[in-house]
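Here is the structure we will look at, set down as C-alpha cells.
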C-alpha cells in the first residue's frame, strides 16, 4: 500500500470502530420478551443467515421480524405491524466508542471529508441514529450502508459505490475497519486502509499519512 497520495476522504466502519456491540445482549433481551432461550434467538437471526439477508436489503424489517417470530414460535399477536418491539430489542446491543469522536473532530477541523461505510441492517442503523450519539451521527457526509447498496464488504461492489459517492480517486480514500477481510477488500479497490486497533492507533496512522488533523494526541 502506497502512502504517497494525499487523503481526501476518510471512511469509518461502524461496528467496533464507532460503536461496540454485543449480540448476546440483544439475544437475551429478545429471549426475555419471547419466553425462550438466548441460543434460540441467535440461531434464528445469525446461524440461520437471516441477519446477512437483512443486511443486504433482501428482506424488509417487517419480514425480518416475521421470520424470527416464525422460527421461535408462540408469538402470534404479540408483534406490532411495524415489527415492534422486536426490532428495538434485537438492536439495543450497541454502545458508543466515544474516543473515536476525537479523531473525527480533528478530521473535520482539517477539512477532510468523512463518511461511514458499514455492513448493517435497517433496524440497527435506525436504532443507533435515534440514540443521537455524537460519535455515530450528525457528522457523516456520506453513509454507504450494505442494506441500501445490496452488497456487503468485502465485495467489490460496495467499495465501488463508496468511491463513486465520494467522487475522488481511489488512492485518495482512507478506510479503517475492525475486520481484516474488509480492509483487504478496500486495498483491492485501490484505497489506503488499515485494521482499526483503537482511536489512538488511528490518530497516529493518519499523522503518518500526512493528515493535518492527526497532529497532537488522542486522550
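Residue numbers (the working numbering): 555 to 773. Note that beta-carbon positions come from the ideal geometry of N, C-alpha and C, so glycine has one too.
Bounding residues of the beta strand (DSSP E) (the contiguous stretch that carries residue i)
i: residue 749; result: 746 to 749
i: residue 703; result: Premise fails: residue 703 lies in the alpha helix (DSSP H), 700 to 703, not in any beta strand (DSSP E).
i: residue 669; result: 667 to 672
i: residue 616; result: Segment 615 to 626 is the alpha helix (DSSP H) holding residue 616; no beta strand (DSSP E) there.
i: residue 755; result: First-last for residue 755: 753 to 762, but that is the alpha helix (DSSP H), not the beta strand (DSSP E).
i: residue 731; result: 727 to 731
i: residue 607; result: Not the beta strand (DSSP E): residue 607 falls in the alpha helix (DSSP H), residues 604 to 609.
Rounded separation between residue i and residue j - CA only
i: residue 721; j: residue 588; result: 46 Å
i: residue 585; j: residue 684; result: 23 Å
i: residue 592; j: residue 581; result: 5 Å
i: residue 710; j: residue 629; result: 39 Å
i: residue 641; j: residue 619; result: 7 Å
i: residue 606; j: residue 583; result: 20 Å
i: residue 755; j: residue 623; result: 42 Å
i: residue 674; j: residue 735; result: 16 Å
i: residue 657; j: residue 757; result: 6 Å
Bridge partner(s) assigned by DSSP for residue i
i: residue 650; result: 573
i: residue 584; result: Paired residues: none, contrary to the question.
i: residue 565; result: 669 and 729
Residue i - containing alpha helix (DSSP H), residue span
i: residue 643; result: 640 to 645
i: residue 599; result: Where residue 599 is concerned, there is no enclosing alpha helix (DSSP H), given that its DSSP letter is neither H nor E.
i: residue 737; result: 734 to 742
Cβ-based burial, residue i [other Cβ within 10 Å; buried from 16]
i: residue 669; result: buried
i: residue 555; result: Per-residue confidence for residue 555 stands at a pLDDT of 41, beneath the threshold of 50, marking its modelled position as unreliable; no derived number is given.
i: residue 649; result: exposed
i: residue 759; result: buried
i: residue 637; result: buried
Residue i: CB within 6 Å of a non-hydrogen atom of the ligand PLP
i: residue 629; result: Only the bare structure without any ligand can be found here, which leaves the ligand PLP out of the picture.
Query raised in the report: Touch check for the region 679 to 698 and the region 722 to 729: three-plus C-beta pairs under 8 Å?
Result: Put simply, the region 679 to 698 does not touch the region 722 to 729. Fewer than three CB pairs are less than 8 Å apart.
- Do three or more CB pairs link the region 585 to 602 to the region 659 to 669 at distances below 8 Å? Proximity of the region 585 to 602 to the region 659 to 669 falls short of the contact definition, fewer than three beta-carbon pairs being nearer than 8 Å.
| request: Could you tell me whether the region 615 to 626 touches the region 568 to 577, where touching means 3 or more Cβ pairs closer than 8 Å? | output: By the Cβ rule, the region 615 to 626 does not count as touching the region 568 to 577, because fewer than three pairs are nearer than 8 Å.
Validate contact between the region 706 to 717 and the region 737 to 751 using beta carbons, cut 8 Å, 3 pairs: Contact between the region 706 to 717 and the region 737 to 751 is present, because at least three Cβ pairs lie under 8 Å.
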